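Residue numbers (the working numbering), protein chains in the order written: chain A, 1 to 516; chain B, 1001 to 1367.
For each residue, glycine too, the CB sits at the ideal point set by N, CA and C.
Quantities reported herein were computed from a predicted structural model and do not represent experimental measurements.
Some notes on the structure that comes next.
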């Protein structure tokens, strides 16, 4: 009897340092099916697939291919077993042509037989409905063409098991349809496909079965035909955990930021933020939820003047409420925003690569935003020195001295330094991106308390987060982004985890206006 | 699973107190001298102590030799000081050679064309300004391309060197004196117009004063001014710089203008203060040697004084032992090479520790 399963992964465990990325995970892929691997960020989807494609080696557990137990110690082993993975970030050489990229790394002489490669590539394309020009240089290709090339490359190498890591993240809806069409063709040809995704509508549209992971653990799988978006969301986000984060009622919230028609395109012309309309109130914490890469970074950076926006976008800052004077932030850079007296504090996601200068001391980092003040051409070190001492004392930063480079501090202490500096500027708007990522419980609560204190002071706080439990217990309102669009604003006190999860993954047709 | 501990394990240090770091460097210097001694004795049967004494003689054997060493070290130092701000910004300016030559050409032009018309102070003022302008031009062109189109500054500044060398060749042919000599000769030899005047009776005192002033000034600029702070931030992370509201483009262009200006001024010192002529050897590779000076000193301009002197000392010493003991030029270069190898290599032991695999317990090898 022919083996039913192309892949079986049993009790797979992988730890990185202290973090269990995968804990006794179970996965099976039948021959000739499309399986969705569904989960939030950090649920261990990509880690699991990296073990199947030979990039990581599991600490525990067994992998069976066609019913035979195998050891996959390198990508080369995976390739010999007919496993091919298309990564989220393409692994192509820009200056080479499609055919050269396909040939690259394969055994053979120094000379590429372009004709033979071209013939075989065309054969694959005709069979599944791809279109690839073998002689086109990669740098001339669109994102979708590059992805097609990556898929053709794995097929060319004889892959029978394909892993696609969030393939639709970079595609337009039309391109996604095309991709799904060729995926179906490949399935009908007997290939087995795993697609990593967190978009529910795509899970339902393309896959035969779905396996759900949450926080590194296997939750379950089900036939797509029997699944609906609600049930899958529940599996994905799990039950609510009570955290006991303090949350006061906002006192006289006043509109401080009016975000209108905010649209951002990246360097490749892909829309990252699509016509967002949102109000931010003083004296409240506005949570921003969403799968990562849905426009959170662009939203904050556009407000901070770090992101070029499409014309028609507007962010109005009203220091004294909705009827007071307004300052247009779009079109200004961080310096001119600061010079206009807008006290905009920003704790970016990339702490050491953007918020701080890693090799500089605490004192040097305190100066980053205020070194310009005063007419003297010399920098004033006295004030930043006092400020560093104060922050170390008040936030209990563990550091040998205030003259230690911040890169030598632990992650939590780095974050305290960064948040401390931003709060020390007595902001009127405070934006934080993943403020507690990687921090231990105590430090996380320190940060929550600091944010609450700012809220009481009448600061408009924006909290971009990934842990739904925290968002639901810290924030007054939660704006949910989905694929760059604002997919609803929920009340933090009444919304359920499932509701937020649903808005994160399934785009609503009627686009709600915020704060209305 | 593979649990083999590798034979050698290299780990980054948390940092070393300054006096221990200097002890390591001193140890490296002594080790270098010992290895050189073995090399010298093994190959030539000469007494190494005598050879070292000859090296010292070559660099500091007489007042005149000492002043020549000082003269050459100050020019090397000046170029290193010019490179410091660019390197601190992580802008790989390998174009000092060209910037020095352009500064030298501008100075020579002033001395040649205005030598009869103007007094020496005026000539020096205008020559200095012209050399700065030429250096700025050579520094700013690659900076603009880097800032606007993100071109690779290493290639760009390097190629600017070749343009400068060709321009210098052209000017040498144009100013040839006497005809057919294929050199410019000593400019204003009779009148000494536009030469650095002697101060306290010392011909090269003015070089020392100018370069030391630049050294101190650059140290203060980089360490205490807002511009210096901006340079550090841009060098570390352009993203952070943008976040802090620093205009990265402006800082790149401004800093390269400064870097080019000081390098151009080095050309002025080299022409008006030292050789009183212009040729492609006015820079003579010092634009590249200065990169070593800047890096070994970690952009601290005071440490650069030490390094510049060391390098010039080695060069003079090598020439001396080559002629005194009738050694091949290469032999003395090997000596220089060994010393530099040890000194640069010692930095590795300051940054890292090396653990060897051992049974049961780990042995730590401290340099």
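Taking C-beta atoms as the reference points, residue 463(A) and residue 287(A) count as a pair closer than 8 Å. If you check the CB distance, residue 238(A) and residue 31(A) do not come in under 8 Å. Annotation: the continuous alpha helix (DSSP H) that includes residue 1036(B) extends over 1018-1044.
Secondary structure in the stretch 198-259 of chain A: the beta strand (DSSP E) runs of 3 residues or longer, each lying completely within the stretch, are 209-214 and 217-223 in chain order. Residue 264(A) is a Cβ neighbour of residue 310(A), given a cutoff of 8 Å. Boundaries of the alpha helix (DSSP H) around residue 1098(B): 1096-1114. Just so you know, the alpha carbons of residue 339(A) and residue 42(A) end up roughly 39 Å apart.
Its chain contains 43 as the residues whose beta carbon lies nearer than 7 Å to that of residue 215(A), once the 5 sequence neighbours on both sides are disregarded; these appear in chain order. By the CB criterion at 8 Å, residue 1285(B) and residue 1100(B) fall outside the cutoff.
If you draw a straight line from the Cα of residue 40(A) to the Cα of residue 1339(B), it comes to about 58 Å. Across the structure, residue 183(A) and residue 1164(B) are spaced so that their CA atoms are roughly 59 Å apart. For the stretch 1239-1250 of chain B, the beta-carbon criterion of a distance under 8 Å to any beta-carbon of chain A is satisfied by 1239, 1240, 1242, 1243, 1244, 1245, 1246 and 1247.
Under the DSSP assignment, residue 277(A) falls outside any alpha helix (DSSP H), being part of the beta strand (DSSP E) whose first and last residues are 271-282. In this structure residue 1196(B) is buried. Its beta-carbon is surrounded by 16 or more other beta-carbon atoms within 10 angstroms. Following the DSSP letters along the chain, one finds residue 146(A) inside the alpha helix (DSSP H) bounded by residues 143-156. If you compare the alpha carbons of 1093(B), 1034(B) and 1010(B) with that of residue 1159(B), the shortest gap goes to 1093(B). If you ignore the 5 residues before and after residue 1079(B), its C-beta comes within less than 7 Å of the C-beta of 1096, 1100, 1263, 1266, 1286, 1287 and 1290, all in its own chain and listed in chain order. Membership of residue 1352(B) in any alpha helix (DSSP H) is not indicated; the residue belongs instead to the beta strand (DSSP E) covering 1352-1356. The C-alpha of residue 203(A) is placed about 24 Å away from the C-alpha of residue 469(A). For residue 4(A), there is no enclosing alpha helix (DSSP H), as DSSP gives it neither H nor E.
For residue 334(A), the nearest CB of chain B lies under 8 Å from its own CB, placing it at the interface with that chain. Taking 8 Å as the CB threshold, residue 359(A) lines the interface with chain B. Counting the other CB atoms within 10 Å of its CB gives residue 74(A) a total below 16, which places it among the exposed residues. Under the rule that a run must span 3 or more residues, the beta strand (DSSP E) segments found entirely inside the stretch 462-516 of chain A read 477-482 and 485-491.
The residue from 383(A), 381(A), 413(A) and 378(A) with its alpha-carbon nearest to that of residue 394(A) is 413(A).
For residue 60(A), the enclosing beta strand (DSSP E) stretches over residues 60-65. In this structure, DSSP gives residue 287(A) an extended state, which the three-state scheme calls strand. With its beta carbon less than 8 Å from one in chain A, residue 1233(B) belongs to the interface. Inter-segment contact for the stretch 489-499 of chain A and the stretch 318-329 of chain A is absent: fewer than three beta-carbon pairs are separated by less than 8 Å. Annotated as distal: residue 433(A) and residue 307(A), with beta-carbon spacing of 8 Å or more. Between residue 1012(B) and chain A, the shortest Cβ-Cβ separation is not below 8 Å. Chain-order list of chain A residues neighbouring residue 1236(B): 357, 358, 359 and 360, by C-beta distance under 8 Å. In this structure residue 166(A) is in contact with residue 88(A), their Cβ atoms being roughly 5 Å apart against a cut-off of 8 Å.
When Cβ-Cβ separations below 8 Å define contact, residue 353(A) makes contact with chain B.
Per DSSP, residue 1323(B) is one residue of the alpha helix (DSSP H) stretching across 1301-1324.
Under the three-state reduction of DSSP output, residue 1340(B) falls in the helix class.
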